[in-house]
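Q: Quick one: this structure, given as structure tokens, is what I'll be asking you about.
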Amino acid sequence: MYNFIDLHCHALFGVDDGANDFDTSKRMLQIAYNDGIKTICFTPHFKIHKFEDDNDIEEYNDRLVQNLERLKEYTKEALPDMTLLLGNEIMFHSDISSSISSKKCRTINQGTYALIEFRPNTSKFDIQNSISRLTRKGYKPIIAHIERYTAFANSFSFLREIKELGASLQINAGSITKFKIGKTARLIKKALKHQLVDIISTDAHDDKVIIPCLSKAHKKVEKLYGKDYAKKLFHDNAFSIINND
Ligand SMILES: [Fe+2]
-3 MYNFIDLHCH ALFGVDDGAN DFDTSKRMLQ IAYNDGIKTI CFTPHFKIHK FEDDNDIEEY
57 NDRLVQNLER LKEYTKEALP DMTLLLGNEI MFHSDISSSI SSKKCRTINQ GTYALIEFRP
117 NTSKFDIQNS ISRLTRKGYK PIIAHIERYT AFANSFSFLR EIKELGASLQ INAGSITKFK
177 IGKTARLIKK ALKHQLVDII STDAHDDKVI IPCLSKAHKK VEKLYGKDYA KKLFHDNAFS
237 IINND
């Protein structure tokens, strides 16, 4: 059995609306570990409009690194075969690529893949435009939780179009187990059936409600869409991304 890789997770404490403190992070890491997740890329939110100025951004980035180091120290002893990496979940804004190149925000594990989120009702035009701009600059965008956006729920062909533009597509594990009927469920099923999805991640925010678990979703995906595709979704594709293949 392969170990899971979680590419989208808010278990790094004190930096966003995820883990509040060191102890919550520790509990989240233990939950993930027990669930079979052995590699986590922390993806704290980066919402440029929330910062007052460049100093504020610098201070945020210092905190990311310091808190990551504290957790790495902890796992070295407590969970020695756990790998911790860093990225960001970057909220859509006008020039994401210059925010990355000026080191205001981060790609996944310092590679060329960048996890991007949109607001639920972001227009097709804005989604398409931002994906095109990022790929033109040599970045490989990963769209976080595709199941959240009305643009995709209303138009499956648009999802295909965006994929053809070079975006990778991520779905939250919780959405796979939670949504059974309705528009979101239909989008998820269709996207998985046509193998358009690249990664399934936890998007975990705490140790009680949105917890870092993949095994339940993995079981369901394996049963409905086959072992080979499940392996790609829960390990292989994420492995390529963190190694920047
Ligand atoms: Fe997230």
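For the sequence shown, position 196 (counting from the first letter as 1) is numbered 192 according to the numbering used here, and the numbering increases by one without interruption. A virtual CB, placed ideally from N, CA and C, is assigned to each residue, including glycine.
(1) My understanding is that Phe148 touches Leu183, with C-beta atoms under 8 Å, so please give their C-beta distance in whole angstroms.
(2) For the segment 219 to 226 against the segment 84 to 102, are there 3 or more C-beta pairs whose distance is under 8 Å?
(3) Would you give the residue range spanned by the alpha helix (DSSP H) that Glu242 belongs to?
(4) Where does the unbroken alpha helix (DSSP H) through Asn30 begin, and where does it stop?
(5) Just tell me which of Asp203, Lys176, Asp50 and Tyr135 has its CA closest to the CA of Thr108.
(6) Shortest alpha-carbon distance to Asp2 belongs to which of Thr198, Lys227 and Asp202?
(7) Count the other C-beta atoms from every protein chain shown that fall within 10 angstroms of the C-beta of Ile177, then say buried if there are 16 or more, exposed otherwise.
(8) Taking C-alpha atoms, which residue in Asn233, His89, Ser211 and Ile53 lies nearest to Met(-3)?
(9) For a quick check, are the C-beta atoms of Ala169 and Ile127 less than 8 Å apart?
(10) Does the separation of the CB atoms of His41 and Asp17 fall below 8 Å?
(11) Nearest to Arg115 by CA position, among Thr146, Asn150, Ile206 and Leu67, is which residue?
(12) Could you check whether the Cβ of Glu85 sits closer than 7 Å to any heavy atom belonging to ligand 1?
(13) Shortest alpha-carbon distance to Glu143 belongs to which of Ala187, Leu130, Ala110 and Ala7?
(14) Compute the minimum distance between the beta carbon of Asp49 and the heavy atoms of ligand 1, and state whether it is under 7 Å.
(15) DSSP beta-bridge partners for Asp77?
(16) Using a Cβ cut-off of 8 Å (strictly closer), state whether Ala169 contacts chain B.
A: Based on what the coordinates show:
(1) Taking the first residue of the sequence shown as 1, we reach residue 148 at position 152. Taking the first residue of the sequence shown as 1, we reach residue 183 at position 187. Right, their Cβ atoms sit about 6 Å apart.
(2) Contact between the segment 219 to 226 and the segment 84 to 102 is absent, because fewer than three Cβ pairs lie under 8 Å.
(3) No answer is possible for residue 242: the residues shown for the chain start at -3 and end at 241.
(4) Numbered from 1 along the sequence shown, position 34 holds the residue referred to as residue 30. Here the alpha helix (DSSP H) through Asn30 covers Phe18 to Asp31.
(5) Numbered from its first residue, the sequence shown carries residue 108 at position 112. If we check each option's Cα against that of Thr108, Tyr135 comes out closest.
(6) One-based indexing of the sequence shown puts residue 2 at position 6. Taking only the C-alpha atoms, the option nearest Asp2 is Thr198.
(7) For this step, residue 177 is matched to residue 181 along the sequence shown. Within a 10 Å sphere around the beta-carbon of Ile177 sit fewer than 16 other beta-carbons, which makes this residue exposed.
(8) Within the sequence shown, residue -3 is the residue found at index 1, counting from 1. Considering only alpha carbons, the answer is Ser211.
(9) For the purposes of this step, residue 169 is taken as residue 173 along the sequence shown, with counting starting at 1. For the purposes of this step, residue 127 is taken as residue 131 along the sequence shown, with counting starting at 1. No. Outside cutoff.
(10) Sequence index remark: in the sequence shown, residue 41 carries index 45 (1-based). Sequence index remark: in the sequence shown, residue 17 carries index 21 (1-based). Contact flag unset, no.
(11) Stepping through the sequence shown from its first residue, residue 115 is reached at position 119. Minimum Cα distance to Arg115 is reached at Thr146.
(12) Indexing the sequence shown from 1 puts residue 85 at position 89. Correct: Glu85 has its Cβ closer than 7 Å to ligand 1.
(13) One-based indexing of the sequence shown puts residue 143 at position 147. For the options Ala187, Leu130, Ala110 and Ala7, the alpha carbon positioned closest to that of Glu143 is the one of Ala187.
(14) The residue labelled residue 49 in the question sits at position 53 within the sequence shown. Incorrect: Asp49 has no Cβ contact closer than 7 Å to ligand 1.
(15) Start at 1 with the first residue of the sequence shown, and residue 77 comes out as number 81. DSSP output for Asp77 lists no bridge partner at all.
(16) Going by chain labels, chain B is absent from the structure shown, which holds only one protein chain.
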